[in-house]
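Encoded as structure tokens, the structure appears first; notes follow it.
Protein chains: 2
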Amino acid sequence: MAEIRTPATTIERLPLYYRCVQKLDSKGVDVISSKELGAMIEIPSTQVRKDLSYYGEFGRRGVGYEVKNLVKNLRRILGLDESWDLLLVGAGNLGQALVNYGGFKRLGLNINYALDIDQDKIGNNLGAAEIHQLDQLEEIIAANNINIAILAVPDENAQQVADRLVAAGVEAIWNFVPIRLDVPEDIEVRNEDLAIGLISLTYYLSN
Amino acid sequence: MAEIRTPATTIERLPLYYRCVQKLDSKGVDVISSKELGAMIEIPSTQVRKDLSYYGEFGRRGVGYEVKNLVKNLRRILGLDESWDLLLVGAGNLGQALVNYGGFKRLGLNINYALDIDQDKIGNNLGAAEIHQLDQLEEIIAANNINIAILAVPDENAQQVADRLVAAGVEAIWNFVPIRLDVPEDIEVRNEDLAIGLISLTYYLSN
DNA sequence: TAGATTGTTAATCGATTAACAATC
DNA sequence: TAGATTGTTAATCGATTAACAATC
């Protein structure tokens, strides 16, 4: 059967490749070798070739990879051909920062819906989204076919909100709350734990 | 010589252990087994024991780990015994969110200094920090012995600011700009690339 | 043809996990 | 003593890298 699973580490690198080839394309570069692409993100050329090989044969021997072709294929592989609507739950500082982060829109990712419990915020605009009552969570998800939610609420509410998101049909949660969410295993959760990054720096500086 | 390096993956888990034992301690739990601790972050007990073993013998056979002792040791290992002053460069949405993130203060990490180029922001308070002119970067780092900087500026300024940070004596950069910084290798850089997390979700949903 | 570069196999490296003696 | 749990060695698993035939 020889089931060949793509390593998780490969998947993490795909967005980096994608960003590189996008930049190369915008600079008018036509062809790039695995060696040059690897140099851009400081990994060996073998790694680049191996990673891409999980998805097909995109290069030409003796020549390299056609940039436009790689852009197109990586877009498809990453699911960025589709247009995704995202629901932000928790329009605090972090939520606002994410909406304004900008990098997302050009990827076809739109934070179009936002929820909060703060009455003062309801009705305000946040980027392309209007802030609605948290109560409307189920309604908004159902009406707009939302499948990805961004969780940026206080720790103590996180699990409860996650439960509601799952029940309402969300398939993936981008979780900024430093808590292990308990969700069914078919729900994709990506934990974005900011403290880890900073603590790892203090670790290295004192060791 | 048998040089035993701690795996990078172990170091990433240390902050998770630390957070768990802190929580357990605040709940009044005295002793925890590697099995229970592992269950809290969904990893096997062997992993917990192996990870901790890189730093010493903190448990008692047949009993488990004394929570307070683990808190104390992990604090020390992670360098959180020292009090760190952090300089935020770029007081935009993301920078503001980080300052207000809260989780840092109780770790002994203080974002006490902030810089921006926007004249309207200069002089304003941002959490515990006052926002200063970007011009004062070198001066502030030198006067306050800053060794960790948070980089949250626009892409096009990132490398230039990083160069100034390094020249001014900063030892570590927590980089939120989706760009590979070119710095001397004795400088610790932690790249926090938000787009990766989100794109990996679209990847999994469409595959 | 000579030089460059891919795609892939096999070797290596590193991290996780199973197993178990030591010990409470 | 019997049951529990650590710390560590050895086995396994998975990811990276070296090597090279295929090919432009």
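Protein chains in written order, with this note's numbering: chain W, 1 to 207; chain F, 1001 to 1207.
For every residue, glycine included, the Cβ atom is placed at its ideal position computed from N, Cα and C.
Residues are counted here when their Cβ sits less than 9 Å from a Cβ of chain W; for the segment 1123 to 1146 of chain F the count is zero. Glutamine 160(W) is classed as exposed because its beta carbon has fewer than 16 other beta carbons within 10 Å across all chains shown. Following the DSSP letters along the chain, one finds isoleucine 1148(F) inside the beta strand (DSSP E) bounded by residues 1148 to 1151. When Ile11(W), Asn145(W), Gly64(W) are compared, the shortest CA-CA separation from serine 34(W) is found for Gly64(W). Of all residues in the segment 1010 to 1036 of chain F, only Ile1011, Glu1012, Leu1014, Pro1015, Leu1016, Tyr1018, Arg1019 come within less than 8 Å of chain W when Cβ atoms are compared, listed by chain position. In the DSSP annotation of this structure, the continuous segment of the beta strand (DSSP E) that includes isoleucine 173(W) starts and ends at 172 to 175. Between the segment 1002 to 1016 of chain F and the segment 1090 to 1101 of chain F there are fewer than three inter-stretch CB-CB distances shorter than 8 Å, so the stretches are not counted as touching. Distance from the CA of leucine 1016(F) to the CA of isoleucine 199(W), rounded to the nearest whole angstrom, comes to 10 Å. Contact of leucine 87(W) with chain F by beta-carbon distance below 7 Å is absent, the smallest such distance being about 13 Å. Listed along chain W, no residue sits closer than 8 Å to threonine 1046(F) by beta-carbon distance, the nearest being about 19 Å off. In the structure shown, glutamine 133(W) falls within a strand segment according to DSSP collapsed to helix, strand and coil.
According to the DSSP assignment, tyrosine 18(W) belongs to the alpha helix (DSSP H) that extends over 8 to 26. The beta carbon of asparagine 175(W) lies closer than 7 Å to those of Leu151, Leu181, Val189, Arg190, Asn191, Glu192 in the same chain, with the five residues before and after it left out. Assigned with DSSP and collapsed to three states, leucine 70(W) falls in helix. What asparagine 1100(F) touches in chain W, judged by beta-carbon distance under 9 Å, is Gly92, Asn93, Leu94, going in chain order. Taken through DSSP and simplified to helix, strand or coil, glutamate 156(W) comes out as helix.
Distance from the Cα of glycine 169(W) is smallest, within the candidate group Val29(W), Leu87(W), Tyr203(W), for Leu87(W). Glycine 1079(F) has its alpha-carbon roughly 8 Å from the corresponding atom of asparagine 207(W). Taking a contact as a CB-CB distance under 8 Å, the pair leucine 1201(F) and isoleucine 148(W) counts as one, their CB atoms being some 6 Å apart. For leucine 1080(F), there is no enclosing beta strand (DSSP E), as DSSP marks it with neither H nor E.
Contact annotation: asparagine 144(W) and aspartate 85(W) have beta-carbon atoms nearer than 7 Å. When the beta-carbon positions are compared, isoleucine 131(W) and alanine 114(W) come within less than 7 Å of each other. Shown here, glycine 38(W) sits in a helix according to DSSP, grouped into three states.
Taking glycine 1059(F) as the centre and dropping the five residues before and after it, the same chain places the C-beta of Tyr1065 closer than 6 Å to its C-beta, in chain order. Look at tyrosine 1054(F) here: in three-state DSSP terms it is coil, with no helix or strand label. Isoleucine 1111(F) sits in a strand when the DSSP states are folded into three classes.
With contacts defined by Cβ atoms closer than 7 Å, valine 99(W) and isoleucine 111(W) form a contacting pair. Rounded to the nearest angstrom, the gap between the Cα atoms of arginine 49(W) and arginine 5(W) is 16 Å. In the same chain as glycine 1056(F), and ignoring 5 residues on each side of it, the C-beta atoms closer than 8 Å to its own belong to Asn1073, in chain order.
For asparagine 93(W), the enclosing alpha helix (DSSP H) begins and ends at 93 to 99. Against chain F, the CB of serine 83(W) has no partner CB under 7 Å away; the residue lies outside that interface. Listed along the chain, the chain W residues whose CB falls inside 8 Å of the CB of leucine 1194(F) are Leu98, Tyr101, Gly103, Glu192. A buried status is given to valine 1177(F), since no fewer than 16 other beta-carbon atoms sit within 10 Å of its beta-carbon. The beta carbon of isoleucine 179(W) is closer than 8 Å to those of Asp155, Ala158, Gln159 in its chain, skipping five residues each way along the sequence.
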